[in-house]
Every structure is written in C-alpha cells, then in structure tokens.
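The structure under discussion appears below in the form of structure tokens.
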Amino acid sequence: EPLLNYANVVESVRRITAPDGLNMAPRRITISTAGIAKMIKKLADDDVKANLALSLHAPNDVKRNEIMPINEANSLAALKEALQYYHQATGRKVTYEYIVFESFNDTPQDAEELFQISKWLPCKVNLIEYNPIENADYRNTGEAKLLAFLKYLADRGVQTNLRRSRGKDIDAACGQLAGKEKPQAA
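With this note's numbering applied, the sequence shown corresponds to residues 1 to 186, in that order.
Here it is in structure tokens:
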C-alpha cells in the first residue's frame, strides 16, 4: 500500500517529476491506493503532483469488507469525504479501479451503486477483467455481463474504460503467477 509508505512515495514522485530528475509530467504518474482516508487528505494537503486511483472493487461496504479488510477502518463514507476533500483541494479527478467478479459485484444493482459513487466527484472508472486463478474463490464475469455493466455506466455519462487482461493465454496475466508450481516429472 503506497500510502503506508507515504514519505518515500512522495519523494519518488518529486524526483520523477523534477526538472533535474526524470522530468516526467505529473499527469503520467498515478498513485494507486486501497483507500486510507486520512492519507488521501494528506496527499491533497501536500499537493502531491500525481493522479490518484482508488482500488474500489465493490460498490458498498458489505461487499468491500469481504474482499478488502482495509475497508473496515476506511468505510466508503470516510473515503467519500476524503476524495471530495482531495478533489476540492487539487481540482483533479479520481480514477476508480473495479475488478468485475462473477456473481459478486457484476449485477445491475452493483452497477447502479457504482454509478452513485461516480457522482461523488469528477472521476473515471476502469472496469478490470479479472484474471482467473486456479482454486480462487472468485471467477471472471461473462463477456455479456461485463459489457452490460460498462454500458450501464457509460449511458449515464460516466467516463468508463474496460481494461482487458493480457497474458491469460500463457498464464502470465496479473496475479496468475502467484502460487504456480511446476509439475513434477514422473
């Protein structure tokens, strides 16, 4: 979690964007967080020159608590306040990252709840195709549901992108290398 390593993350952003550093444009840098409300406010107070992405992945506290234990100490209400503070202080929009899981967060009700969250402040939503992992509790939602979810948000004016998985065909997509073991020769 980058915001638990705040000083080093901020110093890295400073060096990357400094004219005597890499001189990279701040709009090309994104700090992604699971959501620590007080640290999001600190980013705003310190005017850290980078984009902010929140790993949301569920549109309500019940579901978010299930997959993101950090939510118990940083509820969606606390995150709403922090993100609105961040936007008001910086003028920057926030990106919501949302992995779509089959029969967990892919229903029309979930899409409506995510739409309501999108109204908190100017934002964009990245819907992320889940990379299936053997023996995992979650599965990738079907193509039709994924596209319907995207259409629901887009039809309501939410800037929505679909991030497709790459590397699935060779079991090298994000998260797929975790726990892989090479079969033993007989």
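Note that CB positions come from ideal geometry on N, CA and C, so glycine has one too. All values derive from a computational prediction rather than experimental measurement.
If I follow the unbroken beta strand (DSSP E) through Y98, where does it start and stop?
For Y98, the enclosing beta strand (DSSP E) has its first and last residue at V94 to V100.
To the nearest angstrom, how far is the alpha carbon of H57 from that of N135?
Put simply, the backbone Cα of H57 is about 20 angstroms away from that of N135.
Check V125 in the structure and name its three-state DSSP category.
The answer is strand: DSSP assigns V125 an E or B state.
At the level of alpha carbons, what is the spacing between K38 and R139?
For K38 and R139, the gap between their C-alpha atoms comes out near 33 angstroms.
In or out: P122 buried (at least 16 other Cβ within 10 Å) or exposed?
The residue in question, P122, is exposed, as its Cβ has fewer than 16 Cβ neighbours within 10 Å.
What is the DSSP secondary structure of I31, counted as helix, strand or coil?
Here I31 carries a strand assignment [DSSP, helix/strand/coil].
Burial state of V62, where buried means 16 or more other Cβ atoms lie within 10 Å:
By the neighbour-count criterion, in which a residue is buried when 16 or more other Cβ atoms sit within 10 angstroms of its Cβ, V62 is exposed.
Should A7 and T30 be called a contact, given that it needs their Cβ atoms to be closer than 8 angstroms?
Not a contact, by the Cβ cut-off of 8 angstroms.
Which residue comes first and which comes last in the alpha helix (DSSP H) that contains R163?
Not the alpha helix (DSSP H): R163 falls in the beta strand (DSSP E), residues Q159 to R163.
Quick one: grab the DSSP three-state call for L177.
Any reading at L177 must be qualified, since the residue scores a pLDDT of 43, below 50, and its modelled position is unreliable; the value itself is stated next. Note: L177 maps to coil in three-state DSSP.
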